[in-house]
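> Quick one: the structure is below, and I'll ask about it shortly.
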């Protein structure tokens, strides 16, 4: 993916692993939260429903943010398959977190929408395996309130701990044996 150049119209598309029923997002947590989520099949009491949580469909963006599962409190990487209708509802209700990206609202209208929204949307530079930008944006969605409760209690279909696989990839990058076939195949989400 190093040196990958995207066409201008592809800069803000969602790329993800998905099928007809689910879409995969990634989150990084400490051992306590991850172990409980895997045991329950959803997030439990160690997970705070009272704060914003961020979901990321881009595997490499999650790797960049978590330092390939090496940052404190982000040592465990969970792949979360959630119902597409839930993900679609999240995206539909999102408000861009930065006014500079909004073109159809006044600053006051945007601020009011942002203050009253349970979903924040950020488009950050997507990355390659080395953390370099690849010429397109990756979406991350911050959810809180009733939206995070629905995420936890209604929309999660499966949670998989992929930490060992992530560590294996991180080691292969460091020792020069990494192959792109190790990456999940993400395609443009419709």
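In full-length UniProt numbering, the protein residues as written are 1 to 190. Just so it is clear, CB atoms sit at the ideal spot from N, CA and C, and this is done for glycine as well.
(1) Assess, as a yes-or-no matter, whether the stretch 42 to 57 is touched by the stretch 104 to 117 under the definition of 3 or more beta carbon pairs within less than 8 angstroms.
(2) Does the separation of the CB atoms of residue 17 and residue 186 fall below 7 angstroms?
(3) Return the CA-CA distance between residue 5 and residue 15, expressed in angstroms with no decimal places.
(4) Quick one: is residue 182 buried, meaning 16 or more other Cβ sit within 10 Å of its Cβ, or exposed?
(5) Can you name, in chain order, every residue of its own chain whose Cβ lies under 7 angstroms from the Cβ of residue 77, other than the five neighbours on each side?
(6) Run through the stretch 24 to 60 for me and flag every whole beta strand (DSSP E) of 3 or more residues, listed as ranges in chain order.
(7) What residue does the beta strand (DSSP E) around residue 157 start on, and which one ends it?
(8) Is it true that the CB of residue 81 sits closer than 7 angstroms to the CB of residue 157?
(9) Based on DSSP bridge pairs, tell me the residues matched to residue 79.
(10) Quick check: what's the CA-CA separation for residue 141 versus residue 169?
(11) By the DSSP assignment, the beta strand (DSSP E) with residue 126 in it spans what residues?
(12) Given that a residue counts as buried once 16 or more other Cβ atoms are within 10 Å of its Cβ, and exposed if not, what is residue 8?
(13) Just to confirm the assignment, what range does the alpha helix (DSSP H) spanning residue 190 have?
(14) If we ignore side chains and look at the alpha-carbon of each, how far apart do residue 118 and residue 143 end up?
(15) Taking the alpha helix (DSSP H) that residue 131 belongs to, which residues open and close that run?
(16) Using the Cα positions of residue 21 and residue 13, report the straight-line distance between them to the nearest angstrom.
(17) With a 10 Å radius around its C-beta and 16 neighbouring C-beta atoms as the bar for buried, classify residue 10 as buried or exposed.
(18) When the Cα atoms are used, what is the spatial distance from residue 137 to residue 184?
Checking against the coordinates, here is how it stands:
(1) At 8 angstroms Cβ cutoff, the stretches do not touch.
(2) Here residue 17 refers to the residue found at position 17 of the chain shown. Here residue 186 refers to the residue found at position 186 of the chain shown. In this structure, residue 17 lies near residue 186, with their beta-carbon atoms less than 7 angstroms apart.
(3) Position 5 of the chain shown, counted from the start, is the residue given in the question as residue 5. Position 15 of the chain shown, counted from the start, is the residue given in the question as residue 15. Note that residue 5 scores 39 on pLDDT, short of 50, meaning its location in the model is unreliable; the coordinates nonetheless yield the value given after this. Taking the straight line from one Cα to the other gives about 15 angstroms.
(4) Your numbering for residue 182 matches position 182 in the chain shown. Flag for residue 182 reads exposed.
(5) Translated into positions along the chain shown, residue 77 becomes position 77. Taken in chain order, the residues that qualify are 26, 28, 62, 66, 69, 162, 163, 166.
(6) Entirely contained in the stretch 24 to 60, the beta strand (DSSP E) runs reaching 3 residues are, in chain order, 53 to 55.
(7) Working through the chain shown from its first residue, we reach residue 157 at position 157. Membership of residue 157 in the beta strand (DSSP E) is indicated by the continuous run 156 to 161.
(8) Indexing the chain shown from 1 puts residue 157 at position 157. Indexing the chain shown from 1 puts residue 81 at position 81. Yes. Within cutoff.
(9) The sequence position of residue 79 within the chain shown is 79, counting from 1. According to DSSP, residue 79 shares a beta bridge with 26, 160.
(10) On the chain shown, position 141 is the one that residue 141 refers to. On the chain shown, position 169 is the one that residue 169 refers to. For residue 141 and residue 169, the distance between alpha carbons rounds to 25 angstroms.
(11) Along the chain shown, one-based indexing puts residue 126 at 126. Residues 119 to 127.
(12) The residue given as residue 8 occupies position 8 in the chain shown. Confidence is the limiting factor: at residue 8 the pLDDT is only 44, short of 50, which leaves the residue's position unreliable and the question unanswerable from this model.
(13) For the purposes of this step, residue 190 is identified with residue 190 of the chain shown, where counting begins at 1. Premise fails: residue 190 is in no alpha helix (DSSP H) and is neither H nor E.
(14) Residue numbering aside, residue 118 sits at position 118 when the chain shown is read from its first letter. Residue numbering aside, residue 143 sits at position 143 when the chain shown is read from its first letter. If you take the alpha carbons of residue 118 and residue 143, they lie about 6 angstroms apart.
(15) As a working mapping, residue 131 is identified with position 131 in the chain shown. From DSSP, residue 131 is part of no alpha helix (DSSP H); its letter is neither H nor E.
(16) Indexing the chain shown from 1 puts residue 21 at position 21. Indexing the chain shown from 1 puts residue 13 at position 13. So the alpha carbons of these two residues sit roughly 19 angstroms apart.
(17) The residue labelled residue 10 in the question sits at position 10 within the chain shown. With a pLDDT of 45 at residue 10, under the threshold of 50, the modelled position of that residue is not reliable, and the figure given next carries that caveat. Result: exposed.
(18) Walking along the chain shown from the start, residue 137 turns up at place 137. Walking along the chain shown from the start, residue 184 turns up at place 184. Roughly 17 angstroms separates the two Cα atoms.
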